[in-house]
Structures are given as C-alpha cells and as structure tokens.
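Per the numbering used here, the sequence shown starts with residue 176, numbered consecutively. Worksheet: one structure, shown below.
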Amino acid sequence: MRIFLIFAGITLVANHLGAADTGIDVAIGLTIRHVGDDDLVPDCTSVTVDPAAHVVASGPGYIRALLDKNDDGVFDSHRSLVEGPSHGAHGLCFDQDSLYFVGDGGIWMVSDSDNDGFVDTEPNRVLEIKTGGEHDAHALRKGPDGYWYLIAGNGTKGMFDLQNVDQPLIANPRAGAIWRISSSLSFTATNGAPFTPLAYDFDFAPGNAIDTFDSDGERDVSLPWYRPTRVFRVRKGNDAGWISRSWKRPNVDPIMPTLLAELGRGSPTGVMRSKNHRLPKRFHDGVFVLDWTFGRIAFVSDKGDTEIVAQPRGTAGFAVTDIDALPDGRLIVSVGGRRSRGGLYLIDAVEPVPETVSQPLWTGETPADSVDQANRWLIKLRDQHPASIAADAMRHAVAAIKRPAASDQQLIDAIALLIESLGGLGPGDPKDARGKQQIAAVFDGYRGRIRPTVDNELIENATSGLLGILAGETSRDALRREAVRALAVMEPESKQVFAAVTDELARVKSPVEKLHRLIALARLPVSRSDEMTEQVVAAMIEIPVLVEQSGLKVDRNWTPRLGELFDALSHRDSLLPSRLVSHPDFGHRAHLVWTERMDPENLERARQILLSRSRHSDIDPAIARFIALGNDAIPRGFIMKWLDDPLTRPAAWLAIARNPAPQDVGQLQQAALAVDKTVRDAAEAALKKLGAELPNRASNSQTVQKWLKRSKAILARRGNIESGKQLFVARQCANCHNGAKALGPSLEGISKRFSGEDILRATVDPSHSIADRYRGKQVLTADGEILVGMTIYESVDGVTLLTAEARTVRVNSEDITEVKNAAKSLMPEGLLEGLYNDHIADMLAYMQSL
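Laid out in structure tokens, this is it:
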C-alpha cells in the first residue's frame, strides 16, 4: 500500500472563487467552489442528488432541495421537502420517486405524489430504529441486488432481536453492524460486524463487497490495542474487530476485512465510490472518504494508494459530513456537524472528461467458500462458543503452531484459533476466580473470557511452539506480538516464559510494543525474584518517558488503563511500588501515571522523594502539583519559589490552602479567582477557615461600570416582552442562546435561577462569572494568531473551535503554541451599547419570560 500526498509530499493547490479564497486546498487537476452557505444549509449533515439532478441537503430540522434561480452556479434558495428530522438526516437515499432517510427514531420515506420532480408527501416511518446519536443508525443505501443496506453503531443493539433468517452469518453481533434488509424493509440479517460505533457511511465495491471508513479508538491512542481510522473492504461474515472498550483485534486477524488504507486520527463521515471518469485518472476505481476532524477528503484506490483530494488551509473550517456525485461526475460535499457552520462545496476537474463508467457487477451474493477448516472453527467459536469443538480446535491450532515451514500468516491464524479455543478475548467476567486485578479492562486483549480446563500436554506443546517463535530471529513483528499475546492468555507458571517475554521487551524499540510485553508480564503467575522485579520496574520507568520523548500522544484512557496495569503488577509483586519510587530515575512527570493507584504510604514517600530532589533545581509544574496535593506541609521556601513562577503558582496556592495562615489571605483571594476548579475550591475552603471574605470579581471596564450605575433605574421599569424579543434577536443574542449554535447556556427558566439584577450583571459584564462548561478556549498559533471559541471537538491531535462569529476553525497540534481557558467570556461586552433604559427593561422582561 502506497500513501501519497500527506505522506509523500504531492502538492496541493488553492482554488479561488472569483476574488474570494475558499480557504480549501485541492489536489492538482481539481477545482473547488463554495456553492452554499450556512444560511441555506445550516449545520448540514447529509447531501444527495435526486433523479432529476437536484441537490438535496439536510441538517437539524430540515430536508430541502436547493435551487440556483439565477444560474450562476451558486445555490440561492430552496424548496422545503421535510421539516425534520430534529438532528438532521443521515443516509439520504432516492429510490425512483421516493426519498428515504434515517432520523427521528427510524427509516422514513417521502414520495413525489405529483411527479413534479420534488418529493412532497408527509413522512412515513417504514422501520423503527434508534437514531440521533453518534452510536446509532446512519447511512442507508439500496444495493444493486435490490436489498437495502444500513450501517448502525453499537447504540442500536435492539436491532439484533429483529434478525429473522434461519442461519445468520453473524448470530450474535456485538457492536456496530452493516445490515442487509429485504426490499420491503421488513428485515433482515447482518452483513458484516462489528464496527466502531462511529462508522457512518459505506458504498458498494467490486467483488460483492462493501467499502467503509471506520473510526479510530481515539481515547486509546498510544496503547497497544489502538487502531487508527481505516478504510475497509468488507465481505459477508467479516469482523472488524471491535470487541470491548479496551480490545480491538489487529489487522492480521484471520477474519478481519481487507484493509485498503490506514489514515491515522480522525472522525470518518462520508464514503462514496468513484462514479465516472470526469476527474483525473488517478481518481478512478477507488473510494472517496471524508474525515470530519481534520476536514480532509481522501481518495483510496482499489490498490490502496491514497491521495488527499481537499483539506483546509490554515484555520479555515471544513468539517466535511457527506459526499455525492452529480450525474456529470462533479462532486458535491456538505460541511457541518456538532453545531458548526454549514455549507456546500463543488469539486470538479480542471479539464473534465465526461465519460460514464459502468459499475462493477455486484449481486450481494456470497463468493465461493474458500474458508479453511481452522477459520470455520474460529468463526463458530467466536460467534456461538460451542464447547463441543473447542478441544478439536485447540489440537488443530497446536499442531499448526508446531508444523515445520509454516508461514507467518499461517502461524498467526493458528494462534488466533488457539486463543479462541481457550475462551477467546474480551471483557472480563466479574465472577472470574482470577481476581479483580486480572479481569480489568487493560487485559481484555490478553486474557481469555473464561478459564477452561485444558489438557496439560496440549498447553505444554503450545507453550513450546510459541517460545520457538520468539526464539526465531526471522519471525516478523506481527507474529511475535501475537505469540506474546497467546502466552499471556495461557498463563503458564514458567520462568522460561517470563524470561522470553522480558527479552522481547528489551528487543523492541517502540514504547507501545514495550507496553504490550509489559502487560503480558502482568498476566504471568510466576513468583518474582529481585532481578525480575527490577526488570519490571525498569520497564515502568522507561515506557512513559519514551512515549513523551517520541512525541506520541496519550488520551483519556491512558491513565486508567495504566492504573489497572499497576494494580495487577503490584498484586503479583508487593515490593514493586516501593522499588518504583526508590528507583534513581523516578521523578519524570510521565511517571505520575503510576501514582494514580499507589497505596498512601508509597504515595507520600514518592512526594517526599520528589520534593527533596527538587531542592536545588527548577520543578516541573505537574510534579509541583502532585506534591502540593499531598498531606504533608511543604516548606515555606518552596512555596515562595513556586509563587514566583506563573506555571507553578497554582501548586503553591494548593499548598497554601492546605495549611493557611492569616498572612496568606491575599494569595488565597487570588487563588479563589483561578480558572482551575480544584484550586478555586481549595482556596475558598481555606478563606472560610480563616474567616476571611471571598473575593468579588470587579470589572475595570468603564462600559460595565456605566451600566451597573444604571441598573437600579432599569430594574425599576416594567418591560414589554414582545419588544424585548425583537431586541434579543436584533442584538444577535438568539444566535448564542437557545439556538442551533448555542455557544452559551440555554436561557429557558432563567428567572427561576437568577434575579433580575443577576441577569443584568451577566449581560453587561459576561466575564464576571463564567460556568466551566461555557468557558471558551484560547489558542495561540505558531504564527502568532490568537483564536478564541467554544470547543466543538478536541483531541491530542488538535482542536476545532466555533468562534463567537459562528466561524468554524481547526488548528492541528503541531501548529499550536499554547492552549488555555479563555479569561474572558465569548459573549462580548457592549452588546447593549446605544440602548435606553426602557430597551434594556424590555430585554430583561423577555429573558425572564423564557
């Protein structure tokens, strides 16, 4: 598989619409034009083309056909087709004169009753399913075989009960699935499963297959089971490997779909096979896939070559949601999602060559059965768990592992069958006798779901064969990785196995691969010698630091999973925590991940050691905070030094708040206004303990002070609600409150929570008190630009913001110099400038009526 453009440097070129730059770069040989804006298609979730070549788009509360009345190539009006669905439609799909869509709890249909080219009947729900959430039902397409196909996430597990075929390909689907539904929409059988909950779209591919773009496990980035976004070619019975929150099968697994491309981090949305030859030749015979997070459109050829078709330049927003092709081959792309700015873009060739391409033969029938006996066993064991074949499957697997001259893939297949015959991988059973440490989520890919009784001779033969794989210098990394996993699943009480896995840990260079081996070591029930303890501790010291030094990112699941690993390692070896904190290299901020589950005695010992080591050097802010959260008093000299540095000042405030003295009132009052809630709460508690006043945030703005002086006169008036409503809209307050792009809190019921004086103060001085949920982010870019907005989406790869001007901006992590909570509200001061007291009283009356 060759990766072009983002990985090999093919140049993108910018396209201009007249004098206005779209801000979107497109590949050489293509053009892009902005043909619809947010006022026409707000927060657009889906787009399609009807049989009469009208573009039809949907977003929250609308499905509409778009019109270009002056024939300038830009949509300027619309005809409403459906007032709904509430979250916007997914899977807009025409079948003759009827439009089908997914939303509002089902699959719906509207028809063209008067044959004027526009559907116009009332929506009729033809199938009830769960919709509206990212983990629910999404794309719907009618296949060339006459069946309907629907992709749905793990929020739709109730659909599994509707499966009504005698011998389903997947008897017990676990998560997301592609469903095959009869032409009358009366259900059904699974076609391929399970997918991530966030697989949104698919299209029909050659060879009776389906192409889809699967999400990554973003919260697990840099953990051994993390899987990036992947473009799959799925055939009936394939399993995309999403087993649990902490286990996703590797690409080498025998019944995974065919992998066409890996595209790193992202949020997959639209998928569409190339339709004709209008675009340059390199965009033929493949699939277009859309990534919402980074605003990218990629093309993946049937050979696996990948090229970026379009992506935003700088901080321009391009939150792509769906894609379709006009009859002449031009591409129509929608943007929106999560309350971001909606729009439509048209992509075309610089030198178009209109030429229709016949679609590959696609019948939906299952190809001739070429699955060998081992994989037949594997499928049955995973789907139905029949104990009757487990022993035979294990004997077959062990024989295959021991077979001379077996290929790496044959050995990987045999290992997968061995693991499945031992109960398979997945979430632990709370009743498992192995104990709570060993049933933790971190071991979902390293521990059989059950602990079956197995013939000792078979276990010894399997262990011998796996050790032989690790001893072989020519075994490729994927095979060695799976051999280590199988040894962890078998739990042999063998120092030889422990030594082999430890050797593997030293052999690999990647911290992620090292962590894979460390997790396996935690599964081995072997009494630890001092040397073995030191080997484990050395790995624990090394791995988190390597992750940081390698520039790898970690996300939400990093700390809890490593905490579970720490619990298991400590349970195997009670000396490990003390050996860890005593290690001469302990003290890097990355090591704090191991302290999350540490016992109180060693936790305080760790703080004392780190405090002592920082006596003659600067301290990392994370280490300072860790020390400050302890129970022991910190010497005043350290606190004063920390106060001098803005980065360590919050830690100093925490230390002061633990043992407050009267002379600390001034610092504590500053701390009580901090952005950090932990610091604020500690400071407020300390001030109450001292009997001191809590600070009153005073505004220095002359505008605010002017309004506050007028507040008494304003509140004495009785306002007119209707006039206030008009002012509320005219001053654009409705854009940010109680609207589709609400940057601020809903004002419904506000009078039940706040007095008129409080509402007025919040209106004229919005930064006076900002709820944490509505505090914006301030991003300083590498070129010195300051961006402020509400976070639409944030991950270790960057942040997408919606600004107060309703502009969507995206900044990748490598372009970010600093990210911090905004000190000021996104709601600007001066919104009431030029209004008289009566006007303000009217607006207050309207807000209090909500």
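Built from N, CA and C at the ideal position, the CB exists for glycine as well. In this text, all values refer to a predicted model and were calculated from it rather than measured experimentally.
Residue i in three-state terms, based on DSSP
i            : result
residue 564  : helix
residue 726  : coil
residue 487  : strand
residue 545  : Residue confidence for residue 545 is low, a pLDDT of 47 falling below 50, so the modelled location carries little weight and cannot support an answer.
residue 952  : strand
residue 354  : strand
residue 922  : coil
residue 903  : helix
residue 733  : helix
residue 493  : coil
residue 464  : strand
residue 640  : helix
residue 908  : helix
residue 385  : strand
residue 762  : coil
residue 369  : Annotation note: pLDDT 42 at residue 369 (below 50); position unreliable, coordinate value reported separately. Here residue 369 sits in strand by DSSP.
residue 1018 : helix
residue 164  : Lying outside 176 to 1025, the shown extent of the chain, residue 164 is not represented and no answer is given.
residue 769  : helix
residue 825  : helix
residue 443  : strand
residue 624  : coil
residue 1009 : coil
residue 869  : coil
residue 519  : strand
residue 362  : Bear in mind that the predicted position of residue 362 carries a pLDDT of just 47, short of 50, making it too unreliable to give a figure here.
residue 205  : strand
residue 808  : coil
residue 995  : strand
Where residue i falls, given that 16 or more other Cβ within 10 Å makes a residue buried
i            : result
residue 230  : buried
residue 383  : buried
residue 483  : buried
residue 803  : buried
residue 432  : buried
residue 576  : buried
residue 258  : exposed
residue 1022 : buried
residue 863  : exposed
residue 311  : buried
residue 308  : exposed
residue 755  : buried
residue 836  : exposed
residue 732  : buried
Expected contact under 8 Å - CB spacing of residue i and residue j to nearest Å
i            : j           : result
residue 125  : residue 444 : Only positions 176 to 1025 of the chain appear in the structure, and residue 125 is not among them; the question remains open.
residue 430  : residue 554 : 6 Å
residue 1028 : residue 218 : Past the boundaries of the shown model lies residue 1028; the chain is included only from 176 to 1025, so the question cannot be answered.
residue 736  : residue 421 : 6 Å
residue 283  : residue 301 : 7 Å
residue 642  : residue 671 : 7 Å
Reference residue i; option with closest CA among the options
i            : options            : result
residue 817  : 828, 268, 808      : 828
residue 773  : 746, 567, 518, 223 : 746
residue 379  : 424, 325, 866      : 325
residue 983  : 409, 456, 733, 515 : 515
residue 505  : 865, 587, 248, 846 : 248
residue 274  : 298, 253, 251, 289 : 298
residue 932  : 892, 222, 217      : 892
residue 1026 : 912, 930, 350, 694 : As displayed, the chain neither begins before 176 nor continues past 1025, which places residue 1026 out of reach and without an answer.
residue 651  : 328, 603, 582, 601 : 582
residue 413  : 385, 391, 394, 399 : 385
residue 405  : 441, 940, 396, 420 : 441
residue 594  : 637, 607, 578      : 637
residue 697  : 411, 799, 741      : 741
residue 457  : 758, 481, 438, 251 : 481
residue 1000 : 951, 686, 847      : 951
residue 938  : 602, 203, 919      : 919
residue 142  : 814, 835, 526      : The structure shown does not extend to residue 142, since the chain is modelled only from 176 to 1025, so the question has no answer here.
residue 203  : 725, 523, 272      : 523
residue 462  : 965, 388, 941      : 388
Residue i CB to nearest heavy atom of the ligand COA below 6 Å
i           : result
residue 752 : Absent from the structure shown: the ligand COA. Ligands present: none.
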